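Let me begin by presenting the structure, written as structure tokens, before commenting on it.
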Amino acid sequence: MFNPRGERVSARPGLLVVAVDGVLADTLPARLGCFLVGAEAAGLVQARGSETATMPTDWIAGRSWANAARRLAADRGLEADVVAIDLCAMAAEREWTRRLSLGLPSVDSEAVSRCQAAVSAGWRLMLRADSSRRSAGDLFTYLENETQAVRTVSGDDPGVLDELADKSLFMSQYAGIIAASKRYSAASDTNVRFVEPPGVRSNIEATMGRFLSADWPQRG
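Going letter by letter, the sequence shown gives residues 189 to 408 in this note's numbering.
Structure follows, in structure tokens:
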């Protein structure tokens, strides 16, 4: 396993984009629970307990509340029910905010150490969250201080909101992240690596360019 304290990160550093949800912080189980609260409030599920086992976390990973609600509504044949979709997203966001007020989710110290090692090796670090900037604010503040990230991207930043039920939030943010990477390197072949939970990683791999990777920088 990669040792963040004792081994060098790979050469040719560039931009390292690391997901807050499911990588740096253990938010996915709680986000799924909040989403089911919202889905029940909107009438998109009948009982949270019976749905939990059949709704995997990759329905949440890499998706905003609105996007996840649109996907669930489409699965139920209710893609035209904008009221239910909006209600689901708002109720999930409200429940998520309530839970965060009780305390931040546990942070993965190994992932934080990997970020620190990459920054020490010359990588520019960007943190990406599925939540709204207000909801992710405390986590962003803590992780920025711990990892020396140069930028954060949230689910409600202008220009990144996704509109299609089958399109993840990550894919909506993708072009903007790539464009931002040019600021950190004059080279046209900017090396960009994305570290995402498995449910999002497959989307990255499907759109990989020559200089993109979907995992941590490897040891040198």
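By construction, the Cβ of each residue, glycine as well, lies at the ideal position given by its N, Cα and C atoms.
From a predicted model like this one, the values you see are computed outputs, not experimental measurements.
Name the DSSP bridge partner or partners of residue i?
{"i": "A262", "result": "DSSP lists no partner for A262."}
{"i": "D209", "result": "A213"}
{"i": "F382", "result": "V205"}
{"i": "T340", "result": "L315"}
{"i": "V295", "result": "A213"}
Would you say residue i and residue j are within 8 Å of each other, going by their C-beta atoms?
{"i": "T285", "j": "S323", "result": "yes"}
{"i": "D326", "j": "L290", "result": "no"}
{"i": "V211", "j": "V383", "result": "yes"}
{"i": "R251", "j": "D318", "result": "yes"}
{"i": "A218", "j": "L260", "result": "no"}
{"i": "L266", "j": "L232", "result": "yes"}
{"i": "A256", "j": "F223", "result": "yes"}
Measure how close the beta-carbons of residue i and residue j come, nearest whole angstrom, since I'm counting them as under 8 Å.
{"i": "R258", "j": "I248", "result": "Not a contact, Cβ separation roughly 13 Å."}
{"i": "E332", "j": "T340", "result": "7 Å"}
{"i": "L220", "j": "T245", "result": "5 Å"}
{"i": "P385", "j": "L216", "result": "7 Å"}
Going by alpha carbons, who is nearest to residue i out of the options?
{"i": "R264", "options": "S252, R251, M243 and L288", "result": "M243"}
{"i": "A337", "options": "D345, R200, S301 and L216", "result": "S301"}
{"i": "D344", "options": "A277, L288 and P405", "result": "A277"}
{"i": "A306", "options": "N379, R321, A254 and V271", "result": "N379"}
{"i": "V225", "options": "W253, V388, Q304 and A213", "result": "W253"}
{"i": "A229", "options": "V271, R200, D214 and A213", "result": "V271"}
{"i": "A213", "options": "R200, C303 and A309", "result": "C303"}
With a threshold of 8 Å between beta-carbons, can residue i be considered close to chain B, or not?
{"i": "L204", "result": "Among the chains in the structure shown there is no chain B, since it carries only a single protein chain."}
- Task: Count the CB pairs spanning the region 309–327 and the region 199–211 that are closer than 8 Å, and state whether there are at least three.
- Result: Note that the region 309–327 touches the region 199–211; at least 3 beta-carbon pairs, one per stretch, sit closer than 8 Å.
- Message: Quick test of the definition: if touching needs 3 or more C-beta pairs under 8 Å, does the region 272–284 touch the region 292–305?
- Response: Too few Cβ pairs lie closer than 8 Å, so no.
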